[in-house]
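A.B. asks:
Numbering (the working numbering), first residue to last: 29 to 278.
1) Give the C-beta separation of residue 73 and residue 52 to the nearest angstrom, bearing in mind that I take them to be a contact with Cβ-Cβ under 8 Å.
2) Taking the straight line between their C-alpha atoms, what separation do you get for residue 251 and residue 219?
3) Contact defined as beta carbons within less than 8 Å: I believe residue 110 pairs with residue 79. What is the distance between those atoms, to the nearest angstrom?
4) Can you tell me whether DSSP reads residue 90 as helix, strand or coil?
5) Based on DSSP bridge pairs, tell me the residues matched to residue 150.
6) Can you tell me whether residue 209 is buried or exposed? The criterion is at least 16 other CB atoms within 10 Å of its CB, across all chains shown.
7) Grab me the residues of residue 106's own chain with a C-beta within less than 6 Å of its C-beta, minus the 5 sequence neighbours each way, in chain order.
8) Beta-carbon within less than 7 Å of residue 188's beta-carbon, same chain only, minus the 5 sequence neighbours each way: which residues are those?
9) Which word fits residue 258, buried or exposed, when buried means at least 16 other C-beta atoms lie within 10 angstroms of its C-beta?
10) Between residue 256 and the rest of its own chain, which residues show a CB-CB distance below 6 Å, the 5 nearest in sequence each way excluded?
11) Drop a sphere of 10 angstroms on the beta-carbon of residue 190, count the other beta-carbons inside from all chains shown, and report buried for 16 or more, exposed for fewer.
12) Apply the 10 Å Cβ neighbour rule to residue 118 and answer buried if 16 or more other Cβ atoms are within range, or exposed otherwise.
13) Which whole-angstrom value describes the C-beta separation of residue 129 and residue 153, a residue pair presumed to lie in contact below a C-beta threshold of 8 Å?
14) Return the chain-ordered list of same chain residues with a C-beta closer than 7 Å to the C-beta of residue 121, the five sequence neighbours on each side being excluded.
15) CA-CA distance, residue 200 and residue 237?
16) Can you give the Cα-Cα distance for residue 176 and residue 156, rounded to whole angstroms?
17) Output the residue ranges of the beta strand (DSSP E) runs that lie fully inside the segment 54-100 and measure 3 residues or longer, sorted by chain position.
18) Consult DSSP for residue 38 and reduce its assignment to one of helix, strand or coil.
19) Rounded to whole angstroms, what's the CA-CA distance from residue 161 to residue 86? Just pull it up for me.
20) From this set, 186, 44, 166 and 172, which residue's C-alpha is nearest residue 221's C-alpha?
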């Protein structure tokens, strides 16, 4: 590991010859340049931690060849381009942190094979397109951050399919339509649901309000943000008393 050492310059491609390495951690440095393709020849690599540098370029499509990779952290760099579709072949991924870059294009939709994935942060990029419903079918998914992108379309009704979902951040996008009802007895682990600063309309579903920790029986939902400020009258989202915890004007 070489984190927090004020390292400068590019990541040495020679790291790729360290074929028995399981963890490469160079976060919180001043590294520049692209992510070397050679890193993806490290067949035993489980954790690739590159966050908080000034890396540029794209994520190489070779990322899909790292079958042992559980953690990919590239947050807070200057990375660009689309996420390679091959990333869904890294089927042991548990943590995928891409936040705070300039990634664009659609979010990969065919994530069905990522059965170990539990923490995803794609926030603060310029991703476009719709929210892929397949994320909500992942059995271990707990945290999903899509905040502050340019996502459009509606919130998939399949959010009810997510058995362990705890935090869902969709704020700061261009989502429209109504907020879907959820199936009774689902999303019981949900603690934070952020929907503000979108183009959503209608009434906050009673099935979501029933998840609040002040409901009877009490749920786990402690943070529910929506565009429910009055005026305008009516607000974009109508939220009954005791339901939304923070109202904004989106």
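Heads up, the beta-carbon is just placed ideally off N, CA and C, and yes, glycines get one too.
C.D. replies: In terms of the structure at hand:
1) Between residue 52 and residue 73 the Cβ distance is about 6 Å, and since that is below 8 Å, they are a contact.
2) Going by the C-alpha atoms only, they are around 6 Å apart.
3) 20 Å between Cβ atoms; not a contact.
4) Taken through DSSP and simplified to helix, strand or coil, residue 90 comes out as helix.
5) None; residue 150 has no bridge partner.
6) Under this definition residue 209 is an exposed residue.
7) Excluding positions up to five away in sequence, the list reads 82 and 84.
8) Excluding sequence neighbours, residue 188 sits near 210, 211, 214 and 215.
9) So residue 258 counts as exposed.
10) The residues are 263, 265, 267, 272 and 275.
11) Counting other Cβ atoms within 10 Å of its Cβ, residue 190 reaches 16 or more and is therefore classed as buried.
12) Its Cβ being crowded by 16 or more others within 10 Å, residue 118 is buried.
13) Yes, residue 129 and residue 153 are in contact; Cβ-Cβ is about 6 Å, under 8 Å.
14) Excluding residues up to 5 positions away in sequence, 97, 98, 100, 142, 144 and 145 lie with their Cβ nearer than 7 Å to the Cβ of residue 121 in the same chain.
15) Taking the straight line joining both Cα atoms gives about 21 Å.
16) When the Cα atoms are used, residue 176 and residue 156 turn out to be separated by approximately 11 Å.
17) Complete beta strand (DSSP E) runs here, min 3: 58-61, 75-77 and 82-85.
18) Three-state result, residue 38: strand.
19) Computed Cα separation, rounded: 25 Å.
20) From the listed residues 186, 44, 166 and 172, the smallest Cα separation to residue 221 is found for 172.
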